[in-house]
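Some notes on the structure that comes next.
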Amino acid sequence: MRPKLMLDRYNVFGGYRGLCAFEKRGFFYVAERDGRWWLVDPLGCAFLSKGVNHADPRGDWSPALGYSPYERAVRDRYGSFEAWVEETVVRLRSWGFNTIGAWSYPSLFGQMPYTLILDVMASFGFDWVSGRVPDVFGPEFEAHAERVAAEKCAPRAVDPLLLGYFLDNELRWGPDWRSPKHLLDDFVRLPAGSPGKRAAAQVLLDAFGGDLGKLGSALGVPLSSLDDLLAYSGDLPAGGAFDEARRTFLRVLAERYFSVATGAVRRHDPNHLILGVRFAGVPPREVLEAAAKYVDVITLNIYTWRPHEPPVEALRSVYQVTGKPVMVTEFSYKAMDSGLPNTKGAGEPVQTQRERAYLAARYALAVAELPFAVGYHWFQYMDQPAQGRFDGENSNFGLVKIDDEPWELLTRVFAYVNSRAEEVHAGAVSAAEVLAQVAELVRRG
């Protein structure tokens with residue numbers, strides 16, 4: 156039986172019964188009402204997506220251990236993944252969550268609204284660890300996007316529980332923690348005959364007014380033909396026309412990626428939302444402007460460092476550029492009293508579970524109060540292995556411990572915050588008022 160919270164305040168989709176004046180379309184969509192953006196559920200009720208990433212009984216594989224410690228705990232505790240699914244749905248609902256986030260176990264999809272990550276570029280050669288970006292300018296990428304959409308989107312085109320699709324996760328759009336290089340600099344190093352090299356060469360040539368001589372002088376090499384330019388695979392100078400070319404190329408690449416990926420998805424499923432690409436922080440303006448032409452919601456993964464202020468201004472800047480509703484698709488806090496190393500993984504650790512619970516509430520409420528925000532997703536369901544997952548992350552990100560025991564204070568705080576999020580978003584109560592009650596919950600422990 157579902158918890159009473161769902162029955163009293165929310166409908167079967169998790170839509171807010173206090174605001175059900177929208178058109179019933181049978182699928183989720185976005186709408187603006189009285190200056191506030193909402194997701195709208197299939198029954199026409201307002202919906203804020205309160206999700207959890209990586210809800211999966213298989214947990215995180217630890218190369219150092221040779222197994223997933225969370226999966227072992229699940230098998231010991233439940234005996235089967237099916238029993239885990241049943242208990243996890245009850246837990247998530249009782250904690251006020253209404254969305255299954257990215258990288259979650261497929262058997263959860265039939266139980267409550269869910270999202271699906273398509274990995275359009277990731278399955279075409281993008282490497283999340285190194286940040287390597289594949290050549291998306293050729294017909295091979297178009298064919299690949301079509302295959303992905305046919306395989307993953309077409310079978311779900313009439314599923315009312317599907318909230319929408321993430322195209323990819325944390326693609327690299329320029330210098331970041333993975334590489335100091337701009338994408339134009341990367342693509343200049345591609346083979347002369349590749350479509351991406353031709354696109355990069357054209358952008359460089361245009362930046363110098365089509366004058367090969369001027370471009371060659373700036374590069375310090377003689378250029379007498381386009382073939383000479385295509386053969387060039389050296390460094391690009393900083394500043395001036397080259398920086399403008401870097402920005403232009405980023406716009407060209409983003410336009411290409413978003414137009415191809417979203418076109419394929421919409422051909423195979425015109426009914427569901429395209430929930431962006433889960434930007435790692437705020438990407439360059441050129442990328443935001445391109446994305447806004449094609450996606451329904453701008454999604455961002457944003458963590459905090461001391462003093463752990465919620466990223467309100469960052470989210471506001473994104474909305475000002477795009478005019479599209481935004482959703483935080485990853486945020487989390489980790490505490491040292493968990494006993495985990497917390498040496499790898501986004502964000503700066505805090506000391507205690509009390510700090511962790513309070514900061515999680517402050518972040519979620521700050522997002523809920525923004526009139527253009529339509530949800531927040533916590534990363535992740537379970538703690539990571541102390542010995543590290545595939546990339547070494549070893550942090551206290553979970554709603555539950557590695558033995559599947561809930562972090563009791565954190566989940567109790569989320570149950571309260573999630574139950575008030577729609578009121579905060581509607582302006583019926585302030586985030587500060589709800590946070591004051593959270594402070595009392597945390598004080599009592």
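Plus 155 on top of the position in the sequence shown (first one is 1) and you've got the numbering used here. For glycine and all other residues, C-beta sits at the position ideal for the given N, C-alpha and C.
Check: Give the straight-line distance between the Cα atoms of PRO158 and GLN508, rounded to the nearest whole angstrom.; Outcome: A caution first: PRO158 carries a pLDDT of 36, below 50, which makes its placement in the model unreliable, though a value can still be read off. Going by the C-alpha atoms only, they are around 25 Å apart.
Check: Alpha carbon to alpha carbon, what distance is there between GLU410 and GLY418?; Outcome: 12 Å
Check: Tell me the residue span of the beta strand (DSSP E) that contains TYR320.; Outcome: 317 to 321
Check: Quick one: Cα of VAL207 to Cα of ALA396, how far?; Outcome: 44 Å
Check: Helix, strand or coil for LEU525, going by three-state DSSP, please let me know.; Outcome: coil
Check: Quick one: does GLY371 have its CB under 9 Å from some CB of chain D?; Outcome: No chain D appears in this structure, which consists of one protein chain only.
Check: Can you give the Cα-Cα distance for LEU160 and TYR513, rounded to whole angstroms?; Outcome: Bear in mind that the predicted position of LEU160 carries a pLDDT of just 44, short of 50, making it too unreliable to give a figure here.
Check: For the beta strand (DSSP E) that contains TRP193, what are its first and last residues?; Outcome: 191 to 195
Check: What span of residues does the beta strand (DSSP E) with VAL207 cover, start to end?; Outcome: 204 to 207
Check: Does the beta-carbon distance from SER217 to SER285 come in below 9 Å?; Outcome: no
Check: For the beta strand (DSSP E) holding VAL185, just list the boundary residues, first then last.; Outcome: 184 to 188
Check: Does the count of Cβ pairs from the region 305 to 322 and the region 425 to 443 closer than 8 Å reach three?; Outcome: yes
Check: For the alpha helix (DSSP H) that contains VAL572, what are its first and last residues?; Outcome: 563 to 581
Check: Roughly how many whole angstroms lie between the Cα atoms of ALA400 and LEU359?; Outcome: 6 Å
Check: Please name the residue, chosen from LEU381, VAL522, ALA373 and PHE569, that lies closest to ASP390 on a Cα-to-Cα basis.; Outcome: ALA373
Check: Taking one C-beta from the region 289 to 298 and one from the region 224 to 244 each time, how about it: are there three or more such pairs within less than 8 Å?; Outcome: no
Check: When the Cα atoms are used, what is the spatial distance from GLU125 to ALA386?; Outcome: In the structure as shown, the chain starts at 156 and stops at 600, and residue 125 therefore has no counterpart that could be examined.
Check: Which two residues bound the contiguous beta strand (DSSP E) that contains LEU381?; Outcome: Premise fails: LEU381 lies in the alpha helix (DSSP H), 381 to 386, not in any beta strand (DSSP E).
Check: Keeping to the same chain, check which residues put their C-beta closer than 6 Å to that of PRO480; ignore five residues upstream and five downstream.; Outcome: VAL185, TRP192, VAL452, PHE527 and VAL529
Check: My assumption, with CB atoms under 8 Å, is that LEU318 sits in contact with THR254. Please give the rounded CB distance.; Outcome: 6 Å
Check: Can the beta-carbon of GLU578 be found less than 9 Å from the beta-carbon of GLY173?; Outcome: yes
Check: Under the rule that 16 or more other beta-carbon atoms within 10 Å means buried, what is GLY543, buried or exposed?; Outcome: buried
Check: Measure the C-alpha to C-alpha separation of CYS175 and PHE236 and round it to an integer number of angstroms.; Outcome: 35 Å
Check: Less than 8 Å between C-beta atoms, sequence neighbours within five positions excluded: which residues of the same chain meet that for SER472?; Outcome: VAL437
Check: Does the region 538 to 552 come into contact with the region 494 to 502, if we say contact requires no fewer than three beta-carbon pairs (one atom in each stretch) closer than 8 Å?; Outcome: yes
Check: Starting from GLU410, trace the alpha helix (DSSP H) in both directions and tell me its first and last residue.; Outcome: 395 to 423
Check: Run through DSSP, which three-state label would VAL481 get?; Outcome: strand
Check: Taking the alpha-carbon positions, what's the MET156 to TYR571 distance?; Outcome: With a pLDDT of only 27 at MET156, under 50, the local geometry of the prediction cannot be trusted, and the value read off the model is given with reservation. Approximately 20 Å, taken between the alpha carbons.
Check: At the level of alpha carbons, what is the spacing between PRO268 and GLY431?; Outcome: 17 Å
Check: Sorted by chain position, which residues of the same chain lie with C-beta nearer than 6 Å to GLY214's C-beta, five sequence neighbours on each side aside?; Outcome: SER223, TYR225, GLU226 and MET537
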